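**Student:** Take this structure, written in structure tokens, and hold onto it; I'll ask about it next.
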Amino acid sequence: MATGDTSDPSETVQNALKYVQDTWEKTDDKLAVGGLGFSALIVLWASAGLIGAIDKLPLIPSFFEFVGILFTGWFIYRYLLFKPDREELVKKLETALAKITGSEA
């Protein structure tokens with residue numbers, strides 16, 4: 048358990064469940080939300096099937112692994128290796144977070 052965390056885990060679960068229930072009750076178009084949730088599950092299932100099919104093809108998984116290694120190396124060189132680049136990355140992340148949360152001026 049985290050330092051200073053005195054809350055009961057079951058209480059946290061109950062609070063989360065209460066929040067979900069309240070949010071569901073406030074939702075006007077429950078059918079649309081249910082449809083979106085069902086659609087998301089179908090897309091997830093189809094994506095898993097597609098990835099499984101691609102994974103069975105010869106050379107394709109090795110190629111994607113190689114591309115991933117190259118991209119990781121490039122990202123480290125571009126954003127993490129030198130201090131000015133790290134500062135640039137932090138600024139980009141802060142800007143993106145501000146846009147997402149709507150706190151951008």
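Going by the working numbering, the sequence shown opens with residue 48, and the numbers climb by one from there.
From the three backbone atoms N, C-alpha and C, an ideal C-beta is built for every residue, glycine too.
Please read all numbers here as calculations on a predicted model, not as lab measurements.
Who are the near neighbours of K139 in its chain, counting only those whose CB is closer than 8 Å to its CB and skipping five residues on each side?
**Tutor:** Hits under 8 Å: none found.
**Student:** Leaving out five residues on either side along the sequence, give the residues of the same chain with a beta carbon under 6 Å from the beta carbon of P108.
**Tutor:** So the qualifying residues of the chain are D102.
**Student:** Is D75 helix, strand or coil by DSSP?
**Tutor:** D75 falls in the coil class under three-state DSSP.
**Student:** Suppose you measure from the CA of M48 to the CA of N62; what does that come to, to the nearest Å?
**Tutor:** At M48, the pLDDT of 46 sits below 50, so the modelled position is not reliable; the number obtained from the coordinates is stated separately. Using only the alpha carbons, I get a separation of about 18 Å.
**Student:** Looking only at its own chain, which residues have a Cβ that is under 7 Å from the Cβ of T70, when we skip the five neighbours before and after it?
**Tutor:** Correct list: empty, nothing qualifies.
**Student:** If you reduce the DSSP assignment to three classes, tell me which class S150 lands in.
**Tutor:** It is coil, neither helix nor strand.
**Student:** Report yes if the C-beta distance between L136 and L127 is below 9 Å; otherwise report no.
**Tutor:** A contact, by the Cβ cut-off of 9 Å.
**Student:** Runs of 3 residues minimum, wholly inside the segment 76-141: which ones carry the beta strand (DSSP E) assignment?
**Tutor:** Complete beta strand (DSSP E) runs here, min 3: none at all.
**Student:** Residues in the same chain with beta-carbon distance under 8 Å from R133, minus the five sequence neighbours each way, listed in chain order, please.
**Tutor:** Y126 and L127, listed in sequence order.
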